[in-house]
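Sequential numbering from 0 applies to the sequence shown in numbering that gives the first Met the number 0. Every residue gets a Cβ at the ideal spot worked out from N, C-alpha and C, and that includes glycine.
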Amino acid sequence: MKAIERARSHFEAREIKQIEVPEWGDENGEPLKIFAKPLTLAETSKLYRMSKEDDLTMMAYVLIYKALDENGDKLFDVGDKQLLLNNVDREVLVRVAQEIMESPNVEEQKKNS
0 MKAIERARSH FEAREIKQIE VPEWGDENGE PLKIFAKPLT LAETSKLYRM SKEDDLTMMA
60 YVLIYKALDE NGDKLFDVGD KQLLLNNVDR EVLVRVAQEI MESPNVEEQK KNS
């Protein structure tokens, strides 16, 4: 097997992340569950270009483009950008976006292999 095939196979085998956000829970106290597929280099590059070097705007775009519900449907759209930037708890938004963007460490990868 060629190296590129092994690299692609590894990426395709990565699990979809599930992030629980208690601060954005429903009326029954159930946390919002956000699902996210791993970011590709192309997606990361696009996010940086769209945010024009503004890290907090990039965090909003991460949620817009990567946050999914349990059915794989997007939770946010571009029309939500201003609300995310101006009317959402910054700490929660940053935490969730960072969880979506972070890669598993070596120990987590070994555990999931």
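Alpha carbon of residue i to alpha carbon of residue j, nearest angstrom
i: M49; j: M57; result: 7 Å
i: E69; j: K1; result: 34 Å
i: F34; j: A66; result: 6 Å
i: L40; j: H9; result: 15 Å
i: N86; j: R5; result: 43 Å
i: A12; j: I63; result: 24 Å
i: V105; j: I15; result: In this prediction, V105 has a pLDDT of 42, which is less than 50 and means its spatial position is unreliable; what the coordinates show is noted afterwards. Cα-Cα distance, rounded: 17 Å.
i: P37; j: Q81; result: 25 Å
i: D53; j: G28; result: 33 Å
i: E98; j: V77; result: 20 Å
i: R94; j: G71; result: 21 Å
8 Å CB neighbourhood of residue i in its chain, flanking five on each side removed
i: E90; result: none
The alpha helix (DSSP H) enclosing residue i, as first and last residue numbers
i: V77; result: No alpha helix (DSSP H) contains V77, which DSSP labels as neither H nor E.
i: V87; result: No alpha helix (DSSP H) holds V87; DSSP gives it neither H nor E.
i: L55; result: 54–65
i: E3; result: For the record, residue 3 in the displayed sequence is Ile; it is not Glu. Start and end: 2–12.
Chain-order list of residues whose beta-carbon lies under 6 Å from that of residue i (same chain, five-residue window excluded)
i: P30; result: E19, V20, P21, G24
i: L46; result: M57, Y60
Neighbourhood of residue i by C-beta distance below 7 Å, restricted to the same chain and skipping five residues each side
i: D79; result: I63
*Mind listing, in chain order, the continuous beta strand (DSSP E) runs of no fewer than 3 residues lying wholly within the segment 17–49?*
31–35
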